[in-house]
Amino acid sequence: MTKNDKPGGLADIVYRNNQKLVRKSKEKASYTKDELDEPKHKIANPELFAKGREILGNLISKRMKTSGGTDVDWLIEHNGGFMIFELKTFYDDRIVISKAQMSAYMRLYDNLPKCRILFIGHDDSDFTNLDDPVWLFEMNQWRLGNILHVEGSRTDAAYNENVAGYRIEREFMEKIDVKILRDKIDSIWHEFERS
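Going by my numbering, the sequence shown opens with residue 4, and the numbers climb by one from there.
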């Protein structure tokens, strides 16, 4: 037997075959984009849109007792069902969700008869590359206690201020790609059509 010959024992054969399967399962298909993958909705005037969001912050002043505020990134109603997306950019491999925002989402989830809320973490993706990874969890997982998180006062990178809320590490979210996310969103749409 030369040094290039591989041992032929059963354990060695099983190990080599298993390694081939592991390598194959780690290989990821690349998606081909076509015109149907172009955005269905575009902001006609991004500057005006950004300004509208920015000036909302001016509505509540330091003189007022009223405080806080949050937004909903995307809300879709279809056949009485609601899909809500909350997009968060990762900072130090974690996302921060304010307590007020999570409380609002929990109330919506609990009180709307058909409601799916998706929290989507990303590394500054614009969602045009179908192979880009995103990380996901849903409100039902949160309500069941399946999403590990740390609660407390957290620094939110977007606002550079302490926010009472939740820190969720990337590793506790499901990693999928943009194509799979789009398929999931469409399957929720079809679920709402059936009911």
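Even for Gly, the Cβ is constructed at its ideal location relative to N, Cα and C. Just so we're clear, the structure is a prediction, and the values are computed from it rather than from any experiment.
Should residue i go down as buried or exposed, given a rule of 16 or more other Cβ atoms within 10 Å for buried?
i, result
"E89", "buried"
"L121", "buried"
"D76", "exposed"
"D180", "buried"
"K65", "exposed"
"H125", "buried"
"K272", "Lying before the first or after the last residue shown, residue 272 is absent from the chain, which here runs from 4 to 198."
"N36", "Per the sequence shown, residue 36 should be read as Lys rather than Asn. K36 should be labelled exposed."
"I63", "exposed"
Are residue i and residue j closer than 8 Å when you measure CB to CB?
i, j, result
"Y118", "F93", "It should be pointed out that residue 118 corresponds to Cys in this sequence rather than to Tyr. No, the pair does not count as a contact, with Cβ atoms beyond the cut-off."
"A167", "S106", "no"
"T73", "A53", "no"
"Y112", "M67", "no"
"L139", "D40", "no"
"I191", "F175", "no"
"Y34", "K182", "yes"
"Y228", "I123", "This structure cannot settle anything about residue 228, because the visible part of the chain is limited to 4 through 198."
By how many angstroms is the C-alpha of residue j removed from the C-alpha of residue i?
i, j, result
"I79", "R97", "26 Å"
"F130", "V137", "9 Å"
"L51", "P42", "19 Å"
"T69", "L59", "14 Å"
"L184", "K178", "10 Å"
"V153", "Y169", "6 Å"
"H193", "N82", "10 Å"
"K91", "R197", "30 Å"
"D135", "R173", "15 Å"
"G55", "D127", "22 Å"
At which residues does the alpha helix (DSSP H) containing residue i begin and terminate?
i, result
"R97", "Looking at the DSSP string, R97 is not in any alpha helix (DSSP H); the run it does join, the beta strand (DSSP E), is R97 to S101."
"L62", "P49 to L62"
"D186", "V181 to R197"
Where does residue i fall in DSSP's three states?
i, result
"V166", "strand"
"L151", "coil"
"Y34", "coil"
"F130", "coil"
"E2", "Here the chain has residues from 4 to 198 only, and residue 2 is not among them."
"L115", "coil"
"S106", "helix"
Which residue comes first and which comes last in the beta strand (DSSP E) that contains residue i?
i, result
"M142", "Per DSSP, M142 belongs to no beta strand (DSSP E); it is in the alpha helix (DSSP H), M142 to R146."
"K91", "G84 to T92"
"I79", "W77 to H81"
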